[in-house]
Amino acid sequence: MSQWSQVQQLEIKFLEQVDQFYDDNFPMEIRHLLAQWIESQDWEAAANNEAMAMILLQNLIIQVDDQLDRVSQEKNLLLIHNLKRVKKLLQGKYHGNPMHIAVIISNCLREERRILAAASMPVQGPLEKSLQNSVVSERQRNVEHKVSAIKNSAQMTDQDVKYLEDLQEEFDFRYKTIQSLEQNDKNSALIKQEMLALQAMLNTLDYKRKEVLSKIGRVIHEIDMLMSNLLTEELLDWKRRQQIACIGGPLHGGLDQLQNCFTLLAESLFQVRRQLEKLDELLTRLTYDGDPIPVQRPQLLEKVNFLLYNLFRNSFVVERQPCMPTHPQRPMVLKTLIQFTVKLRLLIKLPELNYQIRVKATIDKNVSTVSNRRFVLCGTHVKAMNMDESANGSLSVEFRHLQPKEMKTSAGSKGNEGPHMVTEELHSISFETQVCLYGLTINLETSSLPVVMISNVSQLPNAWASIIWYNLSTNDPQNLSFFNNPPAATLSQLLEVLSWQFSSYVGRGLNSEQLNMLAEKLMGQQVSYNDYQLSWAKFCKEHLPGKSFTFWVWLEAILDLIKKHILPLWIDGYVMGFVSKEKERILLKDKTPGTFLLRFSESNLGGITFTWVDQLENGDVTFHSVEPYNKGRLAALPFADILRDYKVIMADNVPENPLKYLYPDIPKDKAFGKHYSCQPNEVSKPSDGGGKGYVPSVFIPVSKILNDSTEPHSPSDLLPMSPSVYAVLREHLSPTAIETAVS
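Once you know that position 648 of the sequence shown is 648 in the UniProt record's numbering, the rest is easy, because the numbers rise by one and skip nothing.
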């Protein structure tokens, strides 16, 4: 079943979540019509490879054209219209930046997997529940409402300033008219009456000046309060959501909404600044005793400038954290001399800033806060922000060709690279720029989340564990000494993050039973683990009891096994995986003989085994577990084919496949049939031949069980036999005769 088919079967509350991340950037019609094709492409790799992204974009447009031809024949006018609109969107919006559509589709597919994983769990995890807090949603709406109200107030004040300017011009004209009269004319009753009118007008001017200044002061106060409280909280929440998304959690949205708020506030502050400049201009033309402008205007202008400085400083954010294109699901782990990408955005989107802001990237700017290892950035480390590269027109810059290079120490050798020393060292990539606008010069700085520098890919698993632990445990974006004394993590939150590793990396998260097994492996046979605190050492540094590896190394090896060798089986939900030997036997003991389940090995790194239940002649139940298959053997023979062709030779030398039903009662071929590399009746005939006249051969997995043993000797006894020979033998000979032949 395709991922999209699974999504369509979700409950309405989950479908509403899916609906939120499909918009005009990637319409749901295309996701629906091209579901199989979209899921078969590697969008994650394309998101960091422009050439690959361009090819996928062109192929996507071809797929849309094919759908257009089909619906045109069906005369479906609505669908024809929508597909033409989508094609125009793809050609116009993404032609100059094909990686953006790859990022969008990759994120959508990943978010679908996360929602599917969440739907399979009985309750939301504590982290995800906190991110979807109704209080947070209410605050978002409150911020947007207040920003809109502030913008309206600033525009209304504009009208008051204009009225004040018109009133002063009229006063100037009438006053100068009287001043130009002869002295005799000034003594007339009419002129005295005009002077009284001018005095009344001056009183009105004074009142209106005070009123305008008061309104400007209120707008400034409202902006100050909004920035100090709600907007700051909203920005911090977005940064926290970004942290969680980086370690596999829900996609973090809301940056476009924040950009809208920041931009409207900046526009309002610049509008207020122009109003104050206009008041200064009016002051030069007319002033009087008790005039409020020279007293209040300097203070208000100083406050406006102060708010603009703070607004700009907070608006400079890392939109996409540093990530190597070769490992898109392991952000913030960087390898020396390997390119990485990082994207920044200025949330204040003003046209006059386009191509005017140059951003410089550096690493470990504050060297005193990090380790004795020193790095420099090679490649293009200065670029201009612009609105042309982003599909949504945001003011951003993406560095695509940066490489970290380790500098030699004074002794001529590189820093200490012990197995944990390197992966627990945190480094920071900093970005700085300067904004010059309307007479203001503002220096901006921001930094990425802490990154881990590795010099060998073998360090990647432990480095990623450090990234997970840091971003799970702290909101602090720049605690580079974190691992000097790493805090413990709540086990319930850690298990949730571990499930995210599976949903984001291999397409299916963990259910409560699987998580319970992991909890027992981490902390023993304790019943409740909601409040259990797990140490960093127990997670990543201390070996599991009786083993030569840590919990994390064991789990990472399983992720690698799934990704490379059993991914379709895992996504279909047919791999129970995380179940102890004891629990395995409890599940199987009352099942039909031949019922089996698939389990990850607890003693072999990256191994998977299967156990089946059998019944002896006296009625006793017995269990057989095959020696785990590792990635080396699975690279030679697909796991689904192993399950199909597996044979056991009992004491009477009759080979048979003992695997009949996948737990609990699914016929084996029904579960795995679509994953077989070829159907049994499709094996080659002798006349098919192999390359250069050879007969093609296959491997048949065979184990032998002796009378005094309940375990197969070894599944590594793979007997080479051509498909044609095996087919002929099976058709014409008895099982005993086949065994004699292969022996």
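Cβ atoms here follow ideal geometry from the backbone N, Cα and C, with glycine treated the same way. Being a predicted model, the structure only gives us computed values, none of them experimental.
inquiry  = Would residue 744 and PHE21 qualify as a contact pair, given that the criterion is a beta-carbon distance under 9 Å?
reply    = No statement about residue 744 is possible, as the shown extent of the chain runs from 1 to 743 and does not include it.
Residue span of the alpha helix (DSSP H) that contains LYS405, given as start and end = Per DSSP, LYS405 lies in no alpha helix (DSSP H) segment; the continuous beta strand (DSSP E) that holds it begins and ends at 395-407.
ask   = Helix, strand or coil for SER724 per DSSP?
value = Here SER724 scores only 47 on pLDDT, less than 50, and its place in the model should not be relied on; the value that follows carries that caveat. The DSSP-derived three-state label of SER724 is helix.
Where VAL376 falls, given that 16 or more other Cβ within 10 Å makes a residue buried = Counting Cβ neighbours within 10 Å, VAL376 comes out exposed, since fewer than 16 surround it.
query = Any idea if SER743 is buried or exposed, counting beta-carbon neighbours within 10 angstroms, 16 or more meaning buried?
reply = Per-residue confidence for SER743 stands at a pLDDT of 46, beneath the threshold of 50, marking its modelled position as unreliable; the derived number appears in the next sentence. The residue in question, SER743, is exposed, as its Cβ has fewer than 16 Cβ neighbours within 10 Å.
query = Can you round the beta-carbon distance between GLN459 and VAL422 to whole angstroms, since I take them to be within the 8 Å contact cut?
reply = Contact annotation, GLN459 with VAL422: C-beta distance approximately 6 Å; criterion of less than 8 Å satisfied.
task = Return the Cβ separation of GLY509 and ALA117 in integer angstroms, given the expectation that the two are a contact with Cβ distance under 8 Å.
result = With a Cβ gap of about 3 Å, GLY509 and ALA117 count as contacting.
ask   = Apart from the five residues just before and just after ILE178, which ones in its own chain have a Cβ nearer than 8 Å to its Cβ?
value = Contacts found: LYS186, ILE191, GLU194, MET195 and LEU198.
key: For GLY217, three-class secondary structure by DSSP   = Here GLY217 sits in helix by DSSP.
task = Kindly indicate if chain C contains any beta-carbon less than 9 Å away from that of THR284.
result = Absent here is chain C; the protein component of the structure consists of one chain.
query = What's the gap between the Cα of ALA150 and the Cα of GLU169?
reply = Going by the sequence as given, residue 150 is Ile instead of Ala. Looking at the backbone, the Cα of ILE150 and that of GLU169 are separated by about 29 Å.
task = Enumerate in chain order the residues of its own chain whose CB-to-CB distance from HIS401 is below 8 Å, with the five nearest sequence positions on each side excluded.
result = Closer than 8 Å at the Cβ level, and outside the excluded window around HIS401, lie GLN339, GLY379 and THR380.
ask   = Opposite VAL452 in the DSSP bridges: which residues?
value = VAL333.
task = Enumerate in chain order the residues of its own chain whose CB-to-CB distance from residue 788 is below 8 Å, with the five nearest sequence positions on each side excluded.
result = Because the chain spans 1 through 743 in this model, residue 788 falls outside it and cannot be assessed.
request  = Starting from the Cα of residue 831, find the closest Cα among LEU109, ILE12 and ASN59 and give me that residue.
outcome  = Outside the shown range of the chain (1 to 743) lies residue 831, about which nothing can therefore be said.
key: Coarse secondary structure for TYR646, derived from DSSP in three states   = Coil.
query = Apart from the five residues on each side of it in sequence, which residues of its chain come closer than 7 Å, Cβ to Cβ, to residue 745?
reply = No information on residue 745 is available, as it lies outside the stretch 1 to 743 that the chain covers here.
query = Where do the ends of the beta strand (DSSP E) carrying ASN443 lie?
reply = From DSSP, the beta strand (DSSP E) with ASN443 extends over 440-447.
ask   = Can you name, in chain order, every residue of its own chain whose Cβ lies under 8 Å from the Cβ of TYR175, other than the five neighbours on each side?
value = Residues LEU198 of the same chain have their beta carbon placed closer than 8 Å to that of TYR175, with the five preceding and five following residues left out of the count.
query = Are the CB atoms of GLN356 and MET385 nearer to each other than 9 Å?
reply = Contact annotation: GLN356 and MET385 have beta-carbon atoms nearer than 9 Å.
ask   = What does a CB cutoff of less than 8 Å around MET156 pick up in its chain, not counting 5 residues either side in sequence?
value = Cβ neighbours of MET156 within its own chain (closer than 8 Å, five residues either side excluded): LYS215.
Where GLY577 falls: helix, strand or coil (DSSP) = In this structure, GLY577 counts as strand in the three-state DSSP scheme.
request  = Taking VAL272 and LEU353 to be in contact with their CB atoms under 8 Å, please state how far apart those CB atoms are, rounded to whole angstroms.
outcome  = About 19 Å; that fails the 8 Å criterion.
query = Which class does GLN259 belong to by DSSP, given the choice of helix, strand or coil?
reply = The answer is helix: DSSP assigns GLN259 an H, G or I state.
message = Tell me the rounded alpha-carbon separation between LYS269 and ASN152.
response = Correcting the residue identity first, residue 269 is Leu in this sequence and not Lys. The alpha-carbon of LEU269 is positioned some 12 Å away from that of ASN152.
message = Please state the DSSP three-state secondary structure of GLU319.
response = GLU319 falls in the strand class under three-state DSSP.
query = DSSP three-state call for ARG508: helix, strand or coil?
reply = Three-state result, ARG508: coil.
query = Using a threshold of 8 Å, is the CB atom of SER512 nearer than that to any non-hydrogen atom of the ligand PLP?
reply = Among the ligands in the structure shown, none appear at all, so the ligand PLP cannot be discussed.
query = Grouping DSSP H, G and I as helix and E and B as strand, with all else coil, what is ARG374?
reply = DSSP, read as helix, strand or coil, puts ARG374 in strand.
query = Rounded to the nearest angstrom, how far is the Cβ of TRP536 from that of LEU544, given a contact under 8 Å?
reply = Actually they are not in contact, since the Cβ atoms of TRP536 and LEU544 sit about 15 Å apart, beyond 8 Å.
inquiry  = In whole angstroms, give me the CA-to-CA distance for VAL506 and SER72.
reply    = For VAL506 and SER72, the gap between their C-alpha atoms comes out near 38 Å.
ask   = Which ranges does the alpha helix (DSSP H) cover as unbroken runs of at least 4 residues, wholly within the region 245-316, from first to last along the chain?
value = Here the runs fully enclosed are 255-285 and 293-315.
query = How about the region 594-604 and the region 573-586: do they share at least three Cβ pairs that are nearer than 8 Å?
reply = The count of Cβ pairs closer than 8 Å, one atom from the region 594-604 and one from the region 573-586, reaches three, so the stretches are in contact.
Those residues which DSSP pairs with GLU656 across a bridge = DSSP output for GLU656 lists VAL648 as bridge partner(s).
task = Could you check what DSSP says for PHE26 in three-state terms: helix, strand or coil?
result = Reduced to three states, the DSSP call for PHE26 is coil.
ask   = Distance, Cα to Cα, ILE247 vs ARG330?
value = For ILE247 and ARG330, the distance between alpha carbons rounds to 8 Å.
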